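*Asks:*
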Amino acid sequence: MREQKYAVVFDYESAVVTGTGELLRRLTPSFHFAVLSPFSMEETGKKLRKVLGDDAVVIEHIVSHKGLPQQNVWEFLEGMGLLNVKPENTVFIGSLPERVSAAAARGMTVIGRHNNACTDDALRACGASYILYQYRNLTPLTVHQVLQNVEDRKCARSVPAVPVSV
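Under our numbering, the first residue of the sequence shown is numbered 11, with each subsequent residue one higher.
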């Protein structure tokens, strides 16, 4: 893996929703991207290309944890060297409570993706620093506010979770 200063890790469910491509285009090119997927790398690649089109190429790594026990997912990711970016310089985007909790426990800035199964309060309780309501509502300003917190080494985890939508 080439040297990267920052990383963004998407949980699969958050990578394939409408608007992810727009989000990727708005993130700075210095970020390294990975997707945690319960499917094979080939399956995930096909699904991402179907949803994201040309934007799928921005995601450099697909991490398949197919068949792995849930508690081993992060160890597997770390073993692949994808998390050699400092945790405080890593943004995790997801909606699964167990993944949100694990990312927050590792010191990452977590953007919890609100959906019907995981409410704002549940995401905040799991350690989400920000709540993402709809990707299509993101503006370059709101995205970069989150990233600026990371780049400035401000501890976004110490402030109450705030909406990242307009």
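Think of the CB as a built atom: it goes at the ideal place given N, C-alpha and C, for glycine as much as any other residue.
Note that this is a predicted model, so its numbers are computed, not measured.
Taking a contact to mean a Cβ-Cβ separation below 8 Å, would you say Ala17 touches His42 in this structure?
*Replies:* Sequence index remark: in the sequence shown, residue 17 carries index 7 (1-based). Sequence index remark: in the sequence shown, residue 42 carries index 32 (1-based). It is a contact, given that the beta carbons lie within the stated cut-off.
*Asks:* Who does Ser74 pair with in a DSSP beta bridge?
*Replies:* As a working note, residue 74 is residue 64 in the sequence shown. Paired residue(s): Ser47.
*Asks:* Between the alpha carbons of Tyr140 and Ala114, how many angstroms are there, rounded?
*Replies:* By one-based count along the sequence shown, residue 140 stands at place 130. By one-based count along the sequence shown, residue 114 stands at place 104. Going from the Cα of Tyr140 to the Cα of Ala114 covers about 11 Å.
*Asks:* Let me make sure I understand the geometry here. Which of Gly117, Val26, Asn99, Asn125 has the alpha-carbon closest to that of Pro107?
*Replies:* For this step, residue 107 is matched to residue 97 along the sequence shown. Of Gly117, Val26, Asn99, Asn125, the residue nearest in Cα terms is Asn125.
*Asks:* Have a look at Ala132 and Leu46 and give me their C-alpha separation to the nearest angstrom.
*Replies:* Here residue 132 refers to the residue found at position 122 when the sequence shown is read from its first residue. Here residue 46 refers to the residue found at position 36 when the sequence shown is read from its first residue. Each residue's alpha carbon lies about 21 Å from the other.
*Asks:* Considering only C-alpha positions, which residue in the set Ser111, Arg109, Val120, Ala112 is nearest to Thr100?
*Replies:* Taking the first residue of the sequence shown as position 1, residue 100 is located at position 90. With distances taken between Cα atoms, Thr100 lies closest to Val120.
*Asks:* Taking only the alpha-carbon atoms, compute the straight-line gap between Tyr22 and Arg123 and give it to the nearest angstrom.
*Replies:* Position 12 of the sequence shown, counting from 1, holds the residue named residue 22. Position 113 of the sequence shown, counting from 1, holds the residue named residue 123. Those two C-alpha atoms are separated by around 12 Å.
*Asks:* Would you say Val26 and Leu58 are within 8 Å of each other, going by their C-beta atoms?
*Replies:* Translated into positions along the sequence shown, residue 26 becomes position 16. Translated into positions along the sequence shown, residue 58 becomes position 48. Contact: yes.
*Asks:* Could you pull the DSSP bridge partners for Leu142 from this structure?
*Replies:* Within the sequence shown, residue 142 is the residue found at index 132, counting from 1. Arg123, per the DSSP bridge assignment.
*Asks:* Would you check if the distance between the CB atom of His75 and the CB atom of Pro97 is smaller than 8 Å?
*Replies:* Translated into the one-based positions of the sequence shown, residue 75 becomes position 65. Translated into the one-based positions of the sequence shown, residue 97 becomes position 87. Inclusion of His75 and Pro97 in the CB contact set at 8 Å is not warranted, their separation being larger than that value.
*Asks:* Three-state secondary structure (DSSP) at Val61?
*Replies:* Counting from 1 along the sequence shown, the entry for residue 61 is found at position 51. Looking at Val61 - three-state DSSP - the assignment turns out to be helix.
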